[in-house]
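Residue numbers (the numbering used here): 213 to 610.
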Ligand SMILES: *Cc1c(COP(=O)(O)O)cnc(C)c1O
């Protein structure tokens with residue numbers, strides 16, 4: 213089995229890590245172990261599996277060979293010790309909160325964090341005495357100012373959704389570790405092909421597998437990847453009983469996606485660079501956010517250190533604000549008006565009325581999400597076709 217070998221590049225790991233040909237018949241594609249439970253050879257073996265003194269599967273909520281292949285694949289890609297696949301990205305987020313935060317604990321998070329990841333803390337975990345402060349984590353001074361003696365977790369999304377602000381993972385890891393806290397990074401926006409937070413000191417990485425990792429807009433799923441096995445064991449014990457486990461068929465579908473992850477991410481990134489350049493020169497556009505267009509030298513150096521590419525998400529504000537944004541969304545033909553991201557098809561959406569509508573307007577503006585901001589998740593179509601579509605939509609505005 214090809215595994216966590218440092219000499220293998222992401223493109224190779226995507227295809228091979230965690231997946232040996234099946235031992236029974238040599239099937240090259242991973243078998244789907246669509247079973248809820250696993251038979252024991254003897255009473256003694258059953259007891260030993262429960263006691264953890266013998267390896268082997270028991271019950272699919274607590275582990276399954278197809279799910280394990282995906283976990284090993286993603287652990288290798290992130291350079292982690294182990295992974296846990298979950299039924300959705302939010303199941304990964306809530307399992308993390310549930311395990312790492314208790315009564316009286318405080319969390320510092322990125323203000324522009326994926327809406328529900330913030331909302332569930334402010335609305336639900338707060339009922340159990342969990343406190344939180346949300347700041348621009350791209351500014352380390354803001355993180356320091358938000359810190360309290362009872363801060364247990366620093367949770368960063370970089371680049372941030374949808375403003376694409378970049379946070380220094382290594383600096384956050386140093387700060388969190390010096391103050392007895394853990395650093396978690398939501399790496400959904402870049403995928404392990406472009407950013408590996410564990411290598412910069414993060415303790416755990418989360419993904420909505422729904423996005424780039426699966427990449428085909430046909431599965432909802434999540435994953436947690438850990439730098440060290442001890443933390444994996446802690447979250448695993450909670451996930452098994454909390455129940456947000458992935459399903460074997462879901463894992464098998466995602467394994468089809470991981471094979472082409474590196475190819476898709478690079479193609480989408482090339483397309484995004486072309487569209488970002490076009491947008492930044494268009495008279496109807498007020499400003500464009502795309503890590504590839506960053507002009508601040510310190511941020512450029514950070515991007516070069518931490519990311520191996522700008523990714524394929526673009527945020528931009530039209531001169532005509534919200535009304536112009538609406539007309540653009542209705543004016544494009546090839547780009548699909550839908551939330552989500554990271555699929556092979558280009559999606560366009562309006563965060564203030566869609567993905568971030570649950571936030572208060574004040575919190576949205578605090579996170580840089582203006583009323584007219586439009587987000588593009590650029591896909592793998594032909595760049596010229598995408599440019600023509602966007603041009604048609606924008607030319608109608610000036
Ligand atoms: C979509 C998303 C999530 C949530 O994942 P689901 O699979 O929808 O539950 C979390 N973080 C980011 C950055 C996302 O884009």
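Glycine residues also receive a C-beta, built at the ideal position from the N, C-alpha and C atoms.
Residue i versus residue j: straight-line alpha-carbon distance, rounded
i, j, result
"residue 226", "residue 477", "12 Å"
"residue 553", "residue 562", "13 Å"
"residue 568", "residue 331", "10 Å"
"residue 415", "residue 308", "12 Å"
"residue 504", "residue 335", "35 Å"
"residue 594", "residue 403", "22 Å"
"residue 530", "residue 267", "57 Å"
"residue 588", "residue 606", "14 Å"
"residue 493", "residue 602", "13 Å"
"residue 407", "residue 482", "17 Å"
"residue 301", "residue 273", "17 Å"
"residue 397", "residue 254", "43 Å"
"residue 411", "residue 597", "37 Å"
"residue 231", "residue 346", "40 Å"
"residue 228", "residue 247", "24 Å"
"residue 491", "residue 525", "13 Å"
"residue 261", "residue 445", "16 Å"
"residue 214", "residue 441", "Since pLDDT at residue 214 reaches only 46, below the 50 mark, its modelled position is unreliable, and the value read off the structure follows with that caveat. Answer to the nearest angstrom: the Cα atoms are 20 Å apart."
"residue 387", "residue 355", "9 Å"
"residue 514", "residue 367", "18 Å"
"residue 275", "residue 399", "24 Å"
"residue 550", "residue 373", "15 Å"
"residue 488", "residue 516", "18 Å"
"residue 574", "residue 565", "14 Å"
"residue 486", "residue 361", "46 Å"
"residue 236", "residue 281", "16 Å"
"residue 234", "residue 497", "53 Å"
"residue 263", "residue 256", "10 Å"
"residue 319", "residue 326", "15 Å"
"residue 342", "residue 315", "6 Å"
Heavy atom of ligand 1 within 7 Å of residue i beta-carbon
i, result
"residue 373", "yes"
"residue 398", "yes"
"residue 269", "no"
"residue 574", "no"
"residue 369", "yes"
"residue 605", "no"
"residue 326", "yes"
"residue 545", "no"
"residue 422", "yes"
"residue 405", "no"
"residue 523", "no"
"residue 458", "no"
"residue 432", "yes"
"residue 302", "yes"
Whole-Å CB distance - residue i paired with residue j, under 8 Å assumed
i, j, result
"residue 322", "residue 363", "The pair is not a contact, with the Cβ atoms about 14 Å apart (cut-off 8 Å)."
"residue 458", "residue 298", "6 Å"
"residue 428", "residue 469", "6 Å"
"residue 435", "residue 286", "5 Å"
"residue 473", "residue 424", "7 Å"
"residue 495", "residue 586", "Not confirmed; about 16 Å, so no contact."
"residue 317", "residue 352", "22 Å between Cβ atoms; not a contact."
"residue 546", "residue 584", "Incorrect: roughly 22 Å between the Cβ atoms, too far for contact."
Residue i in three-state terms, based on DSSP
i, result
"residue 275", "coil"
"residue 294", "strand"
"residue 213", "The pLDDT assigned to residue 213 is 44, lower than 50, so where the model puts this residue is not dependable, and the model offers no usable value."
"residue 406", "helix"
"residue 418", "strand"
"residue 389", "helix"
"residue 299", "coil"
"residue 593", "coil"
"residue 432", "coil"
"residue 396", "strand"
"residue 501", "strand"
"residue 412", "helix"
"residue 220", "coil"
"residue 367", "strand"
"residue 322", "strand"
"residue 437", "strand"
"residue 586", "strand"
"residue 355", "helix"
"residue 249", "strand"
"residue 311", "helix"
"residue 347", "strand"
"residue 361", "coil"
"residue 445", "helix"
"residue 231", "coil"
heavy atom of ligand 2 below 7 Å from residue i C-beta
i, result
"residue 308", "The model depicted lacks ligand 2 and carries ligand 1 instead."
Quiz item: For the stretch 512–580, which segments carrying the alpha helix (DSSP H) assignment without a break, of at least 4 residues, lie completely within its bounds, in sequence order?
Solution: 533–543, 573–578
Continuous alpha helix (DSSP H) assignments of at least 4 residues falling wholly in the stretch 451–483: 460–471
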